[in-house]
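Count the sequence shown with this note's numbering and you get residues 384 to 672, in order.
The beta-carbon is built from N, C-alpha and C at its ideal position, and this holds for glycine as well.
Small disclaimer: the values here were computed from a predicted structure and weren't measured.
Note sheet for the following structure.
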Amino acid sequence: MPAGSHAFQVGSIRCTVLSDGYFRYPVSWFFPNADPGELSRELENRHLPHESILSPYTCLLVETGRHVVLVDTGAGVSSSTTGAIVARLEMAGIRPKDVDTVVLTHAHPDHVGGAIDARNPRFPRPAFPNAIYMLSDLEWEFWTAARTDLRALRLPDDMKYEIDCTARRCLTPLRLQVEPVEKEIDIVPGVRAIPAPGHTPGHLAVLLSSDGEQLLNLGDAAVHPLHLEHPEWGNGFDLAPEQAAATRRALLERAVAENMHLMAFHFPFPSVGRVAPRAGGGWEWMPGW
Ligand SMILES: [Zn+2]
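Encoded structure:
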């Protein structure tokens, strides 16, 4: 496989994680309520810089035999370090017109930026012309409303403005191909959307099941492995921090109880692994497939 992708099977479902690139964020945006001393020690232990987090963007290609599903589309051409998804798909043998279903876990720029083909910025079109785009009805309504209230985000105002504008710019051209998800439901056989609100109002997790194996894609219910070890640490991008924390706990408890593999869009590539409860609370991230 080409660099930047990694394939594996969930039962009879073929999965390929595809790197869209990465972006660097101030540490304070990722851990706005962490105790500074404790956060410093944790970053030190991992030999990570203290000023910024290099955050990967990882989409998931799902081939069930009957359906070609893409979970999240990456950031598109919004920065020089992202926008690789169409090229990665083509290296995996999939053309944009082959994708029949796109699942958007939520409408933040790093997940919807690649949903549109903006080569002609005046007439952006869906990047996947034959796909149904599935996202939560709550997500669609929130971002396409006349006014979007992002005051609860623990981020600078210009970042909030960027998030708001990008969601509108990317969702509007999709309107004729959108199918809203109103509850936990099978998107195609073996691929289930699970409401996982808090990060955004309509944030979805995606559960793949086949032949007794399961992979739970957390989306952005956790954006760094430290959020598993310290579930009380929030993320500045969570619109409803308490609801996001409750959702994160519920998903991880379900993953442990049902022995699931996990994937998280922003975890170190290839962004798949498992979790185990820690004696002191929280969960340990064990990367790998
Ligand atoms: Zn994200």
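Hey, could you find the ends of the alpha helix (DSSP H) residue i is sitting in?
| i | result |
| --- | --- |
| His-644 | His-644 -> not in any alpha helix (DSSP H); beta strand (DSSP E) instead, spanning 644 to 646. |
| His-610 | 609 to 612 |
| Arg-551 | 540 to 554 |
| Ala-470 | 468 to 474 |
| Asp-493 | 492 to 495 |
| Arg-657 | No alpha helix (DSSP H) holds Arg-657; the beta strand (DSSP E) holding it covers 655 to 660. |
| Pro-419 | 419 to 428 |
How is the beta strand (DSSP E) around residue i delimited, first residue to last?
| i | result |
| --- | --- |
| Glu-636 | It is not in any beta strand (DSSP E) - Glu-636 instead sits in the alpha helix (DSSP H) that spans 624 to 640. |
| Leu-590 | 587 to 593 |
| His-649 | No beta strand (DSSP E) holds His-649; DSSP gives it neither H nor E. |
| Arg-397 | 396 to 409 |
| Thr-456 | Counting along the chain, Thr-456 falls outside any beta strand (DSSP E), and DSSP gives it neither H nor E. |
| Arg-505 | Premise fails: Arg-505 is in no beta strand (DSSP E) and is neither H nor E. |
| Arg-558 | Run containing Arg-558: none; DSSP gives neither H nor E here. |
| Thr-488 | Run containing Thr-488: none; DSSP gives neither H nor E here. |
| Trp-668 | 666 to 670 |
Determine the closest residue to residue i out of the options, with distance taken between C-alpha atoms.
| i | options | result |
| --- | --- | --- |
| Asp-569 | Gly-665, Gly-581, Val-486, Asp-540 | Val-486 |
| Val-639 | Gln-597, Leu-472, Tyr-544 | Gln-597 |
| Ala-556 | Pro-614, Arg-508, His-582, Pro-563 | Note that residue 556 corresponds to Pro in the displayed sequence, not to Ala. Nearest of Pro-614, Arg-508, His-582, Pro-563 to Pro-556, Cα basis: Arg-508. |
| Arg-530 | Lys-543, His-433, Leu-590 | Lys-543 |
| Arg-534 | Asp-500, Leu-622, Glu-473 | Leu-622 |
| Glu-473 | Pro-580, Ile-577, Gly-387, Glu-641 | Gly-387 |
| Leu-431 | Leu-444, Leu-645, Val-410, Leu-559 | Val-410 |
| Glu-641 | Gly-496, Pro-653, Arg-657 | Arg-657 |
| Gly-573 | Leu-591, Gly-671, Pro-580, Leu-559 | Leu-591 |
| His-582 | Arg-631, Arg-552, Trp-672 | Arg-631 |
| Ala-550 | Val-571, Thr-488, Pro-578, Phe-511 | Thr-488 |
| Ala-659 | Ala-633, Ile-477, Arg-505, Leu-611 | Leu-611 |
| Leu-634 | Pro-670, Ala-662, Pro-578 | Pro-578 |
Is residue i close to ligand 2? I mean its beta-carbon at under 6 Å from any heavy atom of the ligand.
| i | result |
| --- | --- |
| Asp-603 | Among the ligands in the structure shown, ligand 2 does not appear; only ligand 1 can be found there. |
Taking the DSSP output, what are the residues bridged to residue i?
| i | result |
| --- | --- |
| Glu-596 | Ser-593 |
| Pro-518 | This sequence places Leu at residue 518; Pro is not what is there. DSSP, once it has assigned bridges, lists Pro-563 as partnering Leu-518. |
| Ser-716 | Because the chain spans 384 through 672 in this model, residue 716 falls outside it and cannot be assessed. |
| Glu-446 | Arg-397, Val-451 |
| Glu-615 | In DSSP, Glu-615 forms no bridge with anything. |
| Ile-570 | DSSP lists no partner for Ile-570. |
| Ile-381 | Examination of residue 381 is not possible in this model, given that the chain is present from 384 through 672 alone. |
| Ala-390 | Thr-399 |
| Thr-441 | Ser-402 |
Segment contact, 8 Å Cβ cut-off, at least three pairs: the segment 570 to 590 with the segment 516 to 523
yes
Would you check if there are 3 or more beta carbon pairs closer than 8 Å linking the segment 387 to 404 to the segment 441 to 452?
yes
Just checking, does the segment 597 to 608 make contact with the segment 559 to 566 on the three C-beta pairs under 8 Å criterion?
no
Do the segment 432 to 444 and the segment 643 to 651 touch if we need at least three Cβ pairs shorter than 8 Å?
yes
Three Cβ pairs or more, each shorter than 8 Å: is that satisfied between the segment 459 to 478 and the segment 421 to 434?
The answer is no - the segment 421 to 434 does not touch the segment 459 to 478, with fewer than three Cβ pairs under 8 Å.
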